[in-house]
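So the number in the working numbering is just where the residue sits in the sequence shown, counting from 1, plus 69.
We put the CB at the ideal spot given by N, CA and C, even for glycine.
Nothing here was measured: the structure is a model prediction, and the numbers come from that model.
Shown next, in structure tokens, is the structure this report addresses.
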Amino acid sequence: MEKHLKTEKSNMTTITEFVLLGFSDIPNSQWILFGIFLVIYLTILMCNSIIILITRIDPVLQTPMYFFLNNFSFLEICYVTITIPRMLMDLLTQKGNISLVACAAQMCFFLLFGGSECLLLTAMAYDRYVAICNPLLYPLVMNHKVCVQLAIASWVSVVPGGIGQTCQIFSLPFCGSNKINHFFCDVPAILKLACGDTFLNEITVNLAAVVYVMVPFLLIIVSYGKIIANILKVSSASGRAKAFSTCSSHLTVVVLFYGTATITYLQPKTNQSEGTGKVISLFYTVLIPILNPIIYTLRNKDIMVALRKLLSRLL
């Protein structure tokens, strides 16, 4: 019995790295996927960098709405850089070995940037609420100091939750298989490899998801409820259309981002297969980030005008 316990303890301490299986189940498509994800990553970097540039230099875009969009675009670059380059390297080398420290760092930064996006989207919804429901007070309420404070709060307030969540998960013993059926170190995938009872950890994950996902989402819903009620009171059709157009881009991004995040982190893990979880993760780590700048540029006249001005200067 004592020998068995020693062997078990030894097995629990021998795992020094994980293996990200990624897309190893479709080996013939590795190079195609590498090309697709490389193009997507470069497109995300280019589009968000352009948004950051034009919202910085164009005088028309020096408003709170575009200040938050500038921050959101920078967050998007950080967010995708945590996962896609690692995915590209694994596809290129066809090896998914990652140390526990690197895996923990990837998870931590992913939680930090993802949580910051949730809070920043809430700040953007509040900005639209003040602009449409209290237009006379808008310059006073949403002054530059307040905007900076909201942006900093979006970045800083997720730090305790992100670091605490990561430390708690990686303090668990890992034994048996070290293969992660995922393309990055996501919380549900890592918890499946932990030994012992993970009930407390799952409760903590759900609690964090409620605090950083559901509460901001409910605040956004309340804001847009009041916004829509206010817009419907506008007598002119052109006025209603203009008000809706300023909110439609943000609302589309909110639905896409929060929808997939909610399915991943609040759905019971018994209801979700590993393959399904991987596909959903692709949506919020790769596909939605490339859609966001497209949504914000194509549906925003001010951005398109500023973009044409920039292109005319360069050409």
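query, result
"Specify whether the stretch 376-383 and the stretch 354-361 touch according to this definition: at least 3 beta carbon pairs, one from each stretch, less than 8 Å apart.", "no"
"Between which two residues does the alpha helix (DSSP H) carrying Val-225 extend?", "213-225"
"Are the stretch 203-213 and the stretch 242-251 touching, with three or more C-beta to C-beta distances below 8 Å?", "no"
"Where does Leu-384 sit, in a helix, a strand or coil, going by DSSP?", "coil"
"In whole angstroms, give me the CA-to-CA distance for Thr-152 and Val-108.", "15 Å"
"By Cβ distance below 6 Å, which residues in the same chain neighbour Thr-366 in space, the five residues on each side in sequence not counted?", "Ile-372"
"Starting from the C-beta of Val-374, find all residues in its chain whose C-beta is less than 8 Å away, skip the five residues before and the five after it, and write them out in chain order.", "Val-129"
"With three or more beta-carbon pairs closer than 8 Å as the criterion, would you say the stretch 250-260 touches the stretch 85-95?", "yes"
"Which residues bound the beta strand (DSSP E) around Ile-105?", "Segment 99-126 is the alpha helix (DSSP H) holding Ile-105; no beta strand (DSSP E) there."
"Which value, in whole angstroms, describes the spacing of the CA atoms of Leu-301 and Ala-194?", "18 Å"
"Grab me the residues of Ser-168's own chain with a C-beta within less than 6 Å of its C-beta, minus the 5 sequence neighbours each way, in chain order.", "Glu-86"
"Once you ignore the five residues that flank Leu-144 on each side, which residues in its own chain have a CB closer than 7 Å to its CB?", "Phe-182, Ser-185, Glu-186, Leu-189"
"Quick check on DSSP: helix, strand or coil for Leu-89?", "strand"
"Note the first and the last residue of the continuous beta strand (DSSP E) segment covering Asn-166.", "166-168"
"May I ask which residues mark the beginning and end of the alpha helix (DSSP H) holding Gln-237?", "228-239"
"Measure from the alpha carbon of Asp-94 to the alpha carbon of each residue in Leu-376, Gln-163, Cys-236, then state which is nearest.", "Gln-163"
"Just the Cα atoms here: how many angstroms apart are Lys-347 and Ile-126?", "39 Å"
"Would Glu-271 pass as a contact of Leu-288 if the rule is Cβ separation under 8 Å?", "no"
"Helix, strand or coil: which one does DSSP assign to Ile-300?", "helix"
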